[in-house]
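J.: Here's a structure for you.
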Amino acid sequence: MQLGSALKSITILEELKEAQFDRISAISTVEEYGAGDTIFSESSLAKNLYALQKGKVALQMQLNVANMLRRRVTVDLVTPPGVFGWSAVMESRPYMLGAVCLEPTVVLAIDGGGLRSLMMQDYEMGYLLMGKLIKVVASRLEEARQLLICERMITAIPEPETPTRAFSRK
0 MQLGSALKSI TILEELKEAQ FDRISAISTV EEYGAGDTIF SESSLAKNLY
50 ALQKGKVALQ MQLNVANMLR RRVTVDLVTP PGVFGWSAVM ESRPYMLGAV
100 CLEPTVVLAI DGGGLRSLMM QDYEMGYLLM GKLIKVVASR LEEARQLLIC
150 ERMITAIPEP ETPTRAFSRK
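Okay, structure coming up:
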């Protein structure tokens with residue numbers, strides 16, 4: 000896979016100039032994962048912003064109910080050319096969700112600290128990328144909101160009552 004052309008396929012980078020692509024290319028690597036592999040875990044220190052080239056990735060969180068029931072909940076599914084791991088662009092942040100591959104996956108891993116430095120050196124690029132990343136964050140927030148609303152609606156549905164007769168004949 001040609002790193003430069005792969006970077007140009009990433010939607011959040013599509014408006015960058017050639018020199019900006021070159022600088023981002025220098026801090027990027029291609030990584031491959033198998034189905035079931037974890038790319039990163041929820042709450043681990045965020046190091047890379049990932050751009051999905053091939054495969055499907057589930058963004059998941061740990062759900063703890065009354066310290067008894069623990070299970071993973073999928074908040075969003077990422078397909079190419081989606082990005083995930085935006086926390087890496089923020090300073091010293093943990094990943095908010097975990098990322099698990101649902102099928103063989105190829106990602107571009109962009110060093111978060113390096114990208115943050117580039118964005119501080121090149122304000123135009125920084126402004127453009129932060130605007131695109133905000134859209135990614137807003138999309139994830141909307142997905143989580145929809146899940147919460149659905150869950151609340153399901154738990155709020157009352158059990159059907161057994162029909163009773165108001166008047167009974169004797």
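With numbering that gives the first Met the number 0 applied, the sequence shown covers 0 to 169.
Note that CB positions come from ideal geometry on N, CA and C, so glycine has one too.
Among Gly33, Val82, Ser138 and Pro93, which one has its Cα closest to the Cα of Ile109?
T.: That would be Val82, whose Cα lies nearest to the Cα of Ile109.
J.: Going by DSSP in three states, Glu41 sits in which element: helix, strand or coil?
T.: Coil at Glu41, not helix or strand.
J.: Let me check one thing: in DSSP terms, what residues is Phe83 bridge-paired to?
T.: In DSSP, Phe83 forms a bridge with Tyr49.
J.: On the three-state DSSP scale, how would you describe Ala18?
T.: Three-state DSSP puts Ala18 in a helix.
J.: Where Gln120 and Ala98 are concerned, what is the direct C-alpha to C-alpha distance, given to the nearest angstrom?
T.: Those two C-alpha atoms are separated by around 30 Å.
J.: Please identify the residue among Arg70, Met60, Gln59 and Lys7 whose C-alpha is closest to the C-alpha of Gln52.
T.: Residue Lys7 is the option with its Cα nearest to Gln52.
J.: Is the CB-CB distance between Leu114 and Leu128 below 9 Å?
T.: Their beta carbons are under 9 Å apart, which means Leu114 touches Leu128 by this criterion.
J.: Can you tell me where the beta strand (DSSP E) holding Gly97 begins and where it ends?
T.: Unbroken beta strand (DSSP E) run through Gly97: Gly97 to Cys100.
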